[in-house]
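In the numbering used here, the protein residues as written are 1 to 314.
The beta carbon of each residue, even a glycine, is placed where N, CA and C say it ideally should be.
Being a predicted model, the structure only gives us computed values, none of them experimental.
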Ligand code: MLT
């Protein structure tokens with residue numbers, strides 16, 4: 001069968017797929033994808049390619065869309081389901097990488113690392129100005145505490161932080177095992193010194209961190225978003241930074257990527273990374289091998305472990 005990979009994939013995963021199938025690796029633009037997708041039985045993407053309804057309509061042979069990563073917000077899953085196309089992802093691939101990046105951003109903000117680096121390189125020695133804060137005995141508030149949030153919690157606890165979370169889907173018994181106190185959404189923002197977002201982008205979470213949430217936060221608290229840009233309202237975050245309500249923010253993800261024209265680009269005390277959460281050798285290797293296995297399973301006519309739309313299997 002024929003497999004199209006549009007956003008690159010680990011070479012080992014491509015070799016695995018090539019053992020039994022014909023594989024094309026082609027970075028196509030949205031129009032180009034509509035032109036070529038008809039010939040393929042499997043499509044493997046990361047976050048760059050948008051697998052829209054139009055793409056799925058143009059792909060009568062498609063049996064599976066593989067997302068070499070976690071979030072499937074770039075795929076029209078409802079349309080795929082209606083067309084009996086399985087959508088598979090690699091939900092465990094980047095857990096540790098994203099958790100490490102989030103905690104790295106917390107330390108970086110509390111100790112002013114980007115500013116300190118710039119200051120020394122520019123010939124200054126600003127020890128007083130760059131005085132930081134410890135994570136020790138501060139409260140971390142998680143917005144969403146699935147796989148990634150749980151790993152962030154473990155690392156934060158190792159630094160002596162208290163961890164609270166708003167997650168309507170996390171069973172109380174699991175939270176207890178993780179040492180996380182489950183609270184209402186308002187309490188996360190009211191009590192936390194550090195708020196870290198780890199929810200999936202869904203209609204429920206889109207825009208859920210807005211002006212009202214920033215108004216509730218402690219003066220001087222920080223926000224870290226390594227989840228999805230659209231969960232946090234960018235203009236409201238920029239205002240909270242400008243007013244000094246928040247002392248800093250770390251933003252790995254944006255409404256549109258790259259973030260041309262985002263109000264955050266001119267806001268003070270914000271540290272950016274270009275959607276690097278899953279960008280480690282380890283996470284990419286895992287994503288490649290997991291997604292290759294999932295796609296091969298579907299093409300072999302079997303039900304894969306990480307199917308996002310299980311109803312296609314009845
Ligand atoms: C993911 O959902 O896998 C990560 O955010 C990484 C990505 O989208 O590339």
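Contact between residue 194 and residue 245 is absent: CB atoms are separated by about 14 Å, not below the 8 Å threshold. With a cutoff of 7 Å on beta-carbon distance, residue 243 and residue 220 are scored as not near each other. Judged by their CB atoms, residue 37 and residue 21 are not nearer to each other than the 7 Å cut-off. In this structure, 183 is the residue among 78, 171 and 183 with its C-alpha nearest to the C-alpha of residue 163.
Distances between the C-beta of residue 183 and the heavy atoms of the ligand MLT are all 6 Å or more. Just measuring C-alpha positions, the residue of 249, 262 and 1 sitting nearest residue 114 is 249. A residue is called buried once 16 or more other Cβ atoms fall within 10 Å of its Cβ, and residue 180 is buried on that count. Along the length of the stretch 87-141, whole alpha helix (DSSP H) runs at least 4 residues long occupy 95-110 and 113-121, reported in chain order.
The closest heavy atom of the ligand MLT lies less than 6 Å from the beta carbon of residue 94. With a threshold of 6 Å, the Cβ atom of residue 65 does not count as near the ligand MLT, since no heavy atom of the ligand is closer than that. In this structure, the straight-line span from the alpha carbon of residue 111 to that of residue 70 is close to 30 Å. According to the DSSP assignment, residue 24 belongs to the beta strand (DSSP E) that extends over 22-25. No residue range can be given for residue 71, since it is assigned to no alpha helix (DSSP H) and is classified by DSSP as neither H nor E.
A contact between stretches requires three or more CB pairs, one per stretch, nearer than 8 Å, and the stretch 86-95 meets this requirement with the stretch 60-68. For the 7 Å CB-CB criterion, residue 276 and residue 238 do not form a contact. Bridge partners of residue 221 according to DSSP: 246.
A buried status is given to residue 196, since no fewer than 16 other beta-carbon atoms sit within 10 Å of its beta-carbon. Per DSSP, the beta-bridge partners of residue 181 are 164. Non-local C-beta neighbours of residue 99 in its own chain, meaning closer than 7 Å and more than five positions away in sequence, comprise 148, 151, 152 and 155, ordered along the chain.
Residue 118 sits exposed, since fewer than 16 C-beta atoms from the chains shown fall within 10 Å of its C-beta.
Counting the other Cβ atoms within 10 Å of the Cβ of residue 284 gives 16 or more, which makes it buried. The bridge partners DSSP lists for residue 262 come to none.
Per DSSP, reduced to three states, the secondary structure at residue 210 is coil, with no helix or strand assignment. Rounded to whole angstroms, residue 27 and residue 39 show a C-alpha spacing of 16 Å. Distances from the CB of residue 97 to the heavy atoms of the ligand MLT are all 6 Å or more. Nearest C-alpha to residue 310 among 198, 77 and 192: 77. Taking the Cα positions, residue 301 is about 31 Å away from residue 279. By the 16-neighbour rule on beta-carbons within 10 angstroms, residue 166 is buried. It is roughly 15 Å from the alpha-carbon of residue 122 to the alpha-carbon of residue 129.
Here the stretch 288-295 does not lie against the stretch 102-111, with fewer than 3 beta-carbon pairs under 8 Å apart. Collapsing the DSSP output to three states places residue 4 in a strand.
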